[in-house]
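Following: one structure in structure tokens, then a few remarks.
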Amino acid sequence: MLYRISTTATTIITHNLKIATEKIYGSLAVCGDGQDQAWLYFLKGNPGVICLYDLKLKIPNQLSVSNVLDGSYLAACFDTTKGQNHILYQSSKTPPIIVHAQGISGGDSDEIANTDTAAANTPIAVCANPKQTQIQIYYKSNADSMVHRVSWNPAERHAYSDATEVGEARMNQFSSIAAVAAPDGSGVHVFYVYQQDDSTRALAHVVDNWHTPSN
Numbered sequence: 010m011l012y013r014i015s016t017t018a019t020t021i022i023t024h025n026l027k028i029a030t031e032k033i034y035g036s037l038a039v040c041g042d043g044q045d046q047a048w049l050y051f052l053k054g055n056p057g058v059i060c061l062y063d064l065k066l067k068i069p070n071q072l073s074v075s076n077v078l079d080g081s082y083l084a085a086c087f088d089t090t091k092g093q094n095h096i097l098y099q100s101s102k103t104p105p106i107i108v109h110a111q112g113i114s115g116g117d118s119d120e121i122a123n124t125d126t127a128a129a130n131t132p133i134a135v136c137a138n139p140k141q142t143q144i145q146i147y148y149k150s151n152a153d154s155m156v157h158r159v160s161w162n163p164a165e166r167h168a169y170s171d172a173t174e175v176g177e178a179r180m181n182q183f184s185s186i187a188a189v190a191a192p193d194g195s196g197v198h199v200f201y202v203y204q205q206d207d208s209t210r211a212l213a214h215v216v217d218n219w220h221t222p223s224n
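Sequential numbering from 10 applies to the sequence shown in the numbering used here.
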């Protein structure tokens, strides 16, 4: 069941995406510009394709990306400093590295070589730095079951940083990852579920710093 806690009335808006006859995965991601634009990304079909639905124009389109891992998680964020969307998904290649696509339609994409230890069908989270053009990508590593982070900053010599462990606890096998940037640019709040002991799961909350290049 999906629950929402609110003190206000909730209005459910139904969008007819005409996809009822196709295989639909439960992979959804959404981002907005903080004003009047929002974009929904979802995975459908077999082999999987990523589709975009503009919530303002109510127009669906297929992204110009390929080699999408079946059942891949999706993540999206909006860079307010550059006015650009960022979409993350997992490649069907071996190893299943994470792909970073830029622009509303994902026309410009990079395979992130530093995510070569990502677990297949790993949860993915991403957020943008509110103070500069920089995003941080979070995923589960197959090597140690820890949350790892890769930063992207086009101003750095190497746009993609090395993968870095986040937190000190291993993710529970059924956990997702959530990340949100502090509005003042001081860091990123990362959440996931970890296995405290054989019978107890707990919520991990890690305050992660924005990556800065070493000298």
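Idealized CB from N, CA, C, for every residue including glycine.
* Roughly how many angstroms separate the alpha carbons of Val77 and Cys60, rounded to a whole number? -> By 1-based counting over the sequence shown, the position of residue 77 is 68. By 1-based counting over the sequence shown, the position of residue 60 is 51. About 12 angstroms.
* To do: Can you grab the Cα-Cα spacing for the pair Val74 / His198, in whole Å?
  => As a working note, residue 74 is residue 65 in the sequence shown. As a working note, residue 198 is residue 189 in the sequence shown. So the alpha carbons of these two residues sit roughly 29 angstroms apart.
* Asked: Which of the three DSSP states, helix, strand or coil, is assigned to Thr89?
  -> Residue 89 sits at position 80 when you count from the first residue of the sequence shown. In the structure shown, Thr89 sits in coil (DSSP, three-state: anything other than H, G, I, E or B).
* **Buried/exposed call for Gln145, threshold 16 Cβ in 10 Å** => As a position in the sequence shown, residue 145 is number 136, starting the count at 1. It counts as buried.
* Asked: If you check the beta carbons only, do Asn138 and Ala190 fall under 9 angstroms apart?
  -> The residue labelled residue 138 in the question sits at position 129 within the sequence shown. The residue labelled residue 190 in the question sits at position 181 within the sequence shown. It is a contact, given that the beta carbons lie within the stated cut-off.
* Asked: By DSSP, does Asn55 sit in helix, in strand, or in coil?
  -> As a first step, residue 55 must be located in the sequence shown, where it is residue number 46. Here Asn55 sits in coil by DSSP.
* To do: Label Gly35 either buried or exposed according to how many other C-beta atoms from any shown protein chain fall within 10 Å of its C-beta, with 16 as the threshold for buried.
  => Counting from one through the sequence shown, the residue named residue 35 turns up at place 26. Under this definition Gly35 is an exposed residue.
* To do: Going by CA-CA distance only, name the one from Leu37, Lys65 and Gly57 that's closest to Asp45.
  => The residue given as residue 45 occupies position 36 in the sequence shown. Closest option to Asp45, Cα to Cα, is Lys65.
* Taking just the CA atoms, how far does Thr131 sit from Tyr98? -> Working through the sequence shown from its first residue, we reach residue 98 at position 89. Working through the sequence shown from its first residue, we reach residue 131 at position 122. Tyr98 and Thr131: Cα-Cα distance of roughly 9 angstroms.
* To do: Grab me the residues of Gly112's own chain with a C-beta within less than 7 angstroms of its C-beta, minus the 5 sequence neighbours each way, in chain order.
  => The sequence position of residue 112 within the sequence shown is 103, counting from 1. Excluding positions up to five away in sequence, the list reads Gln93 and Asn94.
* Asked: How many whole angstroms separate the CB atoms of Asp153 and Arg179, which I take to be in contact at a CB cut-off of 8 angstroms?
  -> Within the sequence shown, the letter at position 144 stands for residue 153. Within the sequence shown, the letter at position 170 stands for residue 179. With 8 angstroms as the limit, Asp153 and Arg179 qualify as a contact, their Cβ atoms being about 7 angstroms apart.
* Cβ of Gln204 within 9 angstroms of Cβ of Asn181? -> In the sequence shown, the residue the question calls residue 204 occupies position 195. In the sequence shown, the residue the question calls residue 181 occupies position 172. Yes, these two residues count as a Cβ contact at 9 angstroms.
* Excluding the 5 residues preceding and the 5 following Arg166 in the sequence, name in chain order all residues of the same chain whose CB lies nearer than 8 angstroms to its CB. => The sequence position of residue 166 within the sequence shown is 157, counting from 1. Taken in chain order, the residues that qualify are Pro222.
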